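Residue 27 in our numbering is what sits at position 39 of the sequence shown, and the numbering runs on without skipping anything.
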Amino acid sequence: MKKILMVLTSVSEIGNTGEQTGYNVAEAAHPWKVFKDSGHFVDFASIQGGQPPRDTVDPEDPIQVAFTEDETTRAGLYNTARVDVVDPEQYDALYLVGGHGTMWDFPDSEGLQRLVASVYDKGGVVGAVCHGPAGLVNVELSNGFRLVEGRRVAAFTNDEEVAAGKDKVIPFFLADRLEEQGATHVPAEDWAENVVVDERLVTGQNPASAARVAKEMEKLLAEVIHQEKAEEHDEADALRAEKDAEKATKKAAEAAEAAEAATEH
């Protein structure tokens, strides 16, 4: 079992439009189910902490309904940790949930930037979907390079932003900003599932991509688990060999003592 932290926006309004927003429930619920079904522990954090605002729930989607009704999840969302105080050592993976609000509070959150960089630097997996990759903007790793520099990524496209009618409201086009920071944005058709994996960074284009982002993250975590088990097996073999050698040495010493005693008599 691995520990995965899902990070949510704390912004409840799209710009100054008065239109309510929050984290995208589908983009949280479907990955949550993937992680939960795989036996991983899922925790929640947000930029401001406390109870984060959420977008609308689709009552026809049983996974969204299950997510909102799960008692453990509801308790975790009732009072999320603030990203500034989260200990990155506690988590094996981060998943940045989308929603238009992320465009306002993810990019400039130094706490989120530190968290993402720390988890990735220590060998963890980082995933983000739709507008969630806004949380990859401005993230600098310990080697001095930006996380997205030289990487292939997916995110909500300019065309999708226009189709959603938010192109005149958002502070910037996410795909363009990622490319400005050295990434190669890999788009697919509007609203089509599109997930890109680049080493331990997994990104998805839109809500339809959320579940697969989690599945690709799960594959990477499974590789880590397999490697850890292999290392544990090797350590056990080495310890067993060491104990066998100690026994053999002790047995040889006892035999030598016995032979010496017999000679003396």
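Ideal Cβ positions, reconstructed from N, Cα and C, are used throughout, including at glycine. Just so it is clear, the structure is predicted and the values come from calculations on it, not from any experiment.
- With a contact defined as Cβ atoms closer than 8 Å, Ser26 and Glu167 miss out at about 33 Å.
- Taking all protein chains in view, the Cβ of Asp43 is crowded by 16 or more other Cβ atoms within 10 Å, so the residue is classified as buried.
- At least 7 Å separates the beta-carbon of Tyr11 from that of Gln39.
- Three or more beta-carbon pairs separated by less than 8 Å are not found between the stretch 124 to 133 and the stretch 54 to 61, which leaves the two stretches without contact.
- With respect to the 7 Å criterion, Asp186 and Arg139 are classified as neighbours on the basis of their beta carbons.
- The three-state secondary structure of Ile51, taken from DSSP, is helix.
- Of Lys238, Ala241, Glu48 and Leu209, the smallest CA-CA separation from Gly115 is found for Leu209.
- For Phe29, the enclosing beta strand (DSSP E) covers residues Phe29 to Ser34.
- Boundaries for Asp80: no alpha helix (DSSP H) harbours it, and the DSSP string shows neither H nor E there.
- With respect to the 7 Å criterion, Ile2 and Val150 are not classified as neighbours on the basis of their beta carbons.
- Runs of the beta strand (DSSP E) lying entirely within the stretch 111 to 168 and spanning at least 3 residues, in chain order: 113 to 117.
- Sequence-distant partners of Gly86 (beyond 5 residues in either direction) whose C-beta falls short of 6 Å from its own C-beta, in its chain, are Asn12, Glu15, Val117, Cys118, His119 and Gly120.
- For Thr60, the number of other beta carbons within 10 angstroms of its own is below 16, and it is reported as exposed.
- For the pair of segments examined, the stretch 96 to 107 was found not to touch the stretch 176 to 185: the number of CB pairs separated by less than 8 Å stays below three.
- The Cβ-Cβ distance between Leu129 and Ala105 falls below 7 Å.
- Ranked by Cα distance from Thr5, the first of Met(-6), Pro159 and Arg134 is Pro159.
- Relative to the Cα of Asp147, the nearest Cα in the group Ala171, Val45 and Gln193 belongs to Gln193.
- Taking the C-beta atoms as reference points, Pro19 is found no nearer than 7 Å to Ala152.
- Distances from the CA of Pro50 to each of Thr68, Glu248 and Lys21 were compared; the closest alpha carbon is that of Lys21.
- According to DSSP, His173 shares a beta bridge with Val141.
- Between the alpha carbons of Gly111 and Gln169 lies a gap of roughly 22 Å.
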